[in-house]
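To start, the structure under review is shown below, and the notes come after it.
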Amino acid sequence: DVKVTQSSRYLVKRTGEKVFLECVQDMDHENMFWYRQDPGLGLRLIYFSYDVKMKEKGDIPEGYSVSREKKERFSLILESASTNQTSMYLCASSAYKGLTYEQYFGPGTRLTVT
Amino acid sequence: KNQVEQSPQSLIILEGKNCTLQCNYTVSPFSNLRWYKQDTGRGPVSLTIMTFSENTKSNGRYTATLDADTKQSSLHITASQLSDSASYICVVIPQRAGANNLFFGTGTRLTVIP
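Residue numbers (the working numbering), protein chains in the order written: chain A, 1 to 114; chain B, 1001 to 1114.
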């Protein structure tokens, strides 16, 4: 079974703090993703990485950065947290299987910025 | 405009009853369509994956149907249980898509009451 784990289930931070969200997958997948999920908006892609040290911006990268130093680990960084970054953050990894990419999600981190 | 629209936004049903959730999409041409189940505070988990050539796919009490001509999919839940209470997300993947090209619906929130 694919396992995608995230470092925290719940996190409360203050405005202006630097925040690190960690994600680890154990299936040697090339692709890893960070999404945020807000009511009525669904999942929106923040950043995507297709290999170590490689990254691509998603739909909403502003205010975020990422790091992928090892294949199994993908970190999301909020340089200076703001209240509008309060959200559910989901990490995912994927691999090509059959005719398509199969994507597996982590349990999510509920971040509150006060 | 979102290319994947789900209805209803929310639904409450009695335990033991059946229900059907709808997904309409405009993504074209598409490669495959997926339904995910997301329990409250958890990451999405895949229920079914259908290619454009498939009409139906079952996973226990969950049956997904696909009409590629009308660009509609439905998820039918039979003999609902309290544990079916969750959000159900429809995801459409275009043909020749990269790993990051997924179109997410905003989900249907299902509540099953005793």
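In this text, a Cβ means the ideal position worked out from N, Cα and C, and glycines have one as well.
Would you identify the three-state DSSP class for residue i, choosing helix, strand or coil?
i	result
B:Thr-1040	coil
B:Thr-1026	coil
B:Asp-1084	helix
A:Thr-5	strand
A:Asn-84	helix
A:Val-52	coil
B:Ser-1053	coil
A:Asp-60	Note that residue 60 of chain A corresponds to Ile in the displayed sequence, not to Asp. In the structure shown, A:Ile-60 sits in coil (DSSP, three-state: anything other than H, G, I, E or B).
B:Leu-1110	strand
B:Asn-1059	strand
A:Ala-95	strand
B:His-1076	strand
Could you check the C-alpha separation between residue i and residue j for me, to the nearest Å?
i	j	result
B:Gln-1006	B:Cys-1090	7 Å
A:Gln-6	A:Tyr-89	9 Å
A:Glu-62	B:Asn-1055	40 Å
A:Gly-58	B:Lys-1017	40 Å
A:Val-52	A:Ala-95	15 Å
B:Pro-1114	B:Gln-1095	42 Å
A:Asp-28	A:Val-4	11 Å
A:Thr-15	A:Thr-109	17 Å
Below 8 Å on the Cβ atoms is my contact criterion, and I expect residue i with residue j to pass it. Report the Cβ-Cβ distance as a whole number of Å.
i	j	result
A:Leu-111	A:Val-19	7 Å
A:Arg-36	A:Ser-87	4 Å
Determine whether the beta carbon atoms of residue i and residue j lie at a separation below 8 Å.
i	j	result
B:Leu-1110	B:Ser-1085	yes
Between residue i and chain D, is any beta-carbon pair separated by less than 8 Å?
i	result
A:Phe-48	Checking the listed chains, one finds no chain D in this structure; the protein chains it contains are A and B.
Inset, instruction - Using a Cβ-Cβ cut-off of less than 8 Å, give me the residues of the segment 1100-1111 of chain B that come near chain A, in sequence order. - result: Asn-1100, Leu-1102, Phe-1104, Gly-1105, Thr-1106 and Gly-1107
Inset, instruction - Compile a chain-ordered list of the residues in the segment 1024-1055 of chain B whose CB is closer than 9 Å to at least one CB of chain A. - result: Ser-1031, Asn-1032, Arg-1034, Tyr-1036, Gln-1038, Gly-1041, Arg-1042, Gly-1043, Pro-1044, Val-1045, Ser-1046, Ile-1049 and Thr-1051
Inset, instruction - Closer than 9 Å, Cβ to Cβ, to anything on chain A: give me those residues from the segment 1082-1098 of chain B, in chain order. - result: Ile-1089, Val-1091, Ile-1093, Ala-1097 and Gly-1098
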